[in-house]
Amino acid sequence: MDRRHLIAAGAALPFGLSTVAAARAGAASAPDQAGGAVAEGNVQVAQTATAKATPTIYDYGAIGDGVTDDSAAFSKALAAAATKGLMVIVPAGTYAIAKTISFVSTQDAGRPWGLQAQGATLVSTITNGTDIMSLQAVNTVRYFRILGAMKILGSGKDGNGLRIIAYGSSYFFYNVTLDGLCIEGAGLNGLLFEGNVFESLLVGCFFQDCKQNGAVFAQSKGGVCSAITVVGCFFAQNTKCGMMATNFDSTYGGTTDVRIFGGYCRDNGSYGFYYNNGTSSGAAIEQVGFENNCRSLSPGDPNGAHVYGLVQMRLRNCTGYNEGGGATYMVRGWFSNLTVLDNCDQSSGGAMATTGKSRLAQVNGNAAGHVLMRQSGGGFDMVSGAGCTWAAENCYGTSPVGTLNLKATVTSG
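Just so we're aligned: the sequence shown equals residues -23 to -1, 1 to 390 in mature numbering (1 follows the signal peptide of the UniProt record, and there is no 0).
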């Protein structure tokens, strides 16, 4: 039985049903609340309205002075939110975090729950390498949200900024929404989705200055991370990659359907985006800008690129630019299937332009691989001895067979 059938069979959750008492008016007319009469035969509905204030993080013991450790309050708030289906308000302020904010599910969760931030900054003082916020499913957990304006600021000596985990094939953590979350300076990755974390959405998030990667989506311990949609997010100045889709269980394979729409990726030490297993046929990187990635390499280095992928890649309407970084190519990798670059462009200035080596793509792979470039600019290189074929439709720039033609298709033969 696959994951979707398991979920359908086992994830139904009981929800409380609210009932309304109804009383039919008798033969004599009854007055309504305004003092009028209810016509004979009509139904009068009586409702008891109980005003319930949405809880804030202060209800769980937070101080919010930027000095007192508020980690326990956040852990309590997440536990209550998951159990009761709550969005806990986190008012503007600075919250000191000296220990991991930890959530481990104790039952299935199927109602929206999480944190509604109003300009909150969580400042980590953790120095032992543990995560700032960690959520783990050992049940079926859905609809976790961090919404509004929240910043998680790492100490640089902590672990991941936000880690969401579902190990194995029996536990599920999905339908996550992160909207407006900023994670900076984490000691490891800014964001880590690990294992069976899937069908989730990131909107308008920022991942910056982390000691490893900005965001990582990884298969782990038999769990399959998949169906991740990233909209208008930004990945900058991370020591390694801006975003990584990978596999913690094996050297090859891993997450493929991380779909990225819009946003920007710049000044990362290694690749802007890294796909250990490529993008699936239905996934793509679309309308993303890349700038000065592979900062750890020199301009013109043949190993540098804004995007690296194995097997196959899909990019549409993307731009790459480089001056001082080593992202010589917009895309490079090793291809054994169809890779498509559609209306993409790579350009350069400064030290990179001086090398004369900036190109849209580096073509490499086996005989089953094919790189198709359409209406794209920047030219490409071919790795010596590669069996991969290529075609450039209405493209411009240099190639191993000469200058490309905007009005024609040039192929490897």
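Just so you know, even glycine gets a beta-carbon here, dropped at the ideal spot from N, CA and C. Please read all numbers here as calculations on a predicted model, not as lab measurements.
- The criterion of a C-beta distance shorter than 7 Å is not satisfied by Gly281 and Gly249.
- Thr206 is bridged by DSSP to Leu178 and Arg236.
- With fewer than 16 other Cβ atoms inside 10 Å of its own Cβ, Gly145 counts as exposed.
- The continuous stretches of beta strand (DSSP E) do not include Lys134, and DSSP gives it neither H nor E.
- Nearest to Gly355 by C-alpha distance, out of Gly191, Arg309, Thr331 and Ser324, is Ser324.
- Segment contact: the stretch 180 to 191 against the stretch 157 to 165, three or more CB-CB distances shorter than 8 Å; contact assigned.
- In the three-state reduction of the DSSP assignment, Leu55 falls in the helix class, which pools H, G and I.
- Thr332: member of the alpha helix (DSSP H) spanning Gly327 to Thr332, first to last residue.
- Just measuring C-alpha positions, the residue of Phe194, Val265, Ser247 and Ala369 sitting nearest Tyr285 is Ser247.
- Cα atoms of Val378 and Gly390: separation of roughly 11 Å, rounded to the nearest angstrom.
- DSSP assignment within the stretch 314 to 388 yields the following whole alpha helix (DSSP H) runs of 4 residues or more, N-terminal first: 327 to 332.
- Contiguous beta strand (DSSP E) elements confined to the stretch 53 to 105 occur at 64 to 67, 70 to 74, 78 to 81 and 90 to 101, taking only those with 3 or more residues.
- DSSP, read as helix, strand or coil, puts Ile160 in strand.
- Assignment of Ile40 by DSSP, reduced to helix, strand and coil, places it in the coil class.
- Rounded to the nearest whole angstrom, the CA to CA distance from Leu292 to His283 is 12 Å.
- For Ala261, the secondary structure class from DSSP, reduced to helix, strand or coil, is coil.
- In this structure Thr45 is exposed. Its beta-carbon is surrounded by fewer than 16 other beta-carbon atoms within 10 angstroms.
- Taking C-beta separations shorter than 6 Å and ignoring five residues to either side along the sequence, the partners of Ser313 in its chain run Val288, Gly342, Asn343, Ala345 and Gly346, following chain order.
- In this structure Ser361 does not touch Leu318 by the C-beta definition: roughly 21 Å separates them, more than the 8 Å allowed.
- Per DSSP, the beta-bridge partners of Ala126 are Gln95.
- Residue environment: Lys384 is assigned as exposed (fewer than 16 neighbouring CB atoms within 10 Å of its CB, all protein chains considered).
- Taking 8 Å as the upper bound for CB-CB distance, Tyr151 and Arg122 are not in contact here, some 13 Å apart.
- In terms of CA proximity to Asn294, Met307 leads the group Met307, Gly303, Gly302 and Glu300.
- A Cβ-Cβ separation of about 7 Å places Gly181 in contact with Cys210 under the 8 Å criterion.
- Residue Cys159 holds the alpha-carbon nearest to the alpha-carbon of Phe183 among Cys372, Cys159 and Thr316.
- By the beta-carbon neighbour count (other beta carbons within 10 angstroms, threshold 16), Asn299 is buried.
- With 16 or more other Cβ atoms inside 10 Å of its own Cβ, Tyr72 counts as buried.
- In the three-state reduction of the DSSP assignment, Ile34 falls in the helix class, which pools H, G and I.
- For Asn270, no beta strand (DSSP E) segment is defined, and its DSSP state is neither H nor E.
- Between the C-alpha atoms of Leu337 and Phe357 there is a straight-line separation of about 5 Å.
- Judged by their CB atoms, Gly303 and Cys271 are nearer to each other than the 7 Å cut-off.
- Beta bridge pairing from DSSP links Asp46 with Ala73.
- In the DSSP secondary-structure assignment, Ala114 is not bridged to any residue.
- By the criterion of a C-beta distance shorter than 7 Å, Met359 is surrounded in its chain by Val340 and Pro377, once the five residues flanking it on both sides are discounted.
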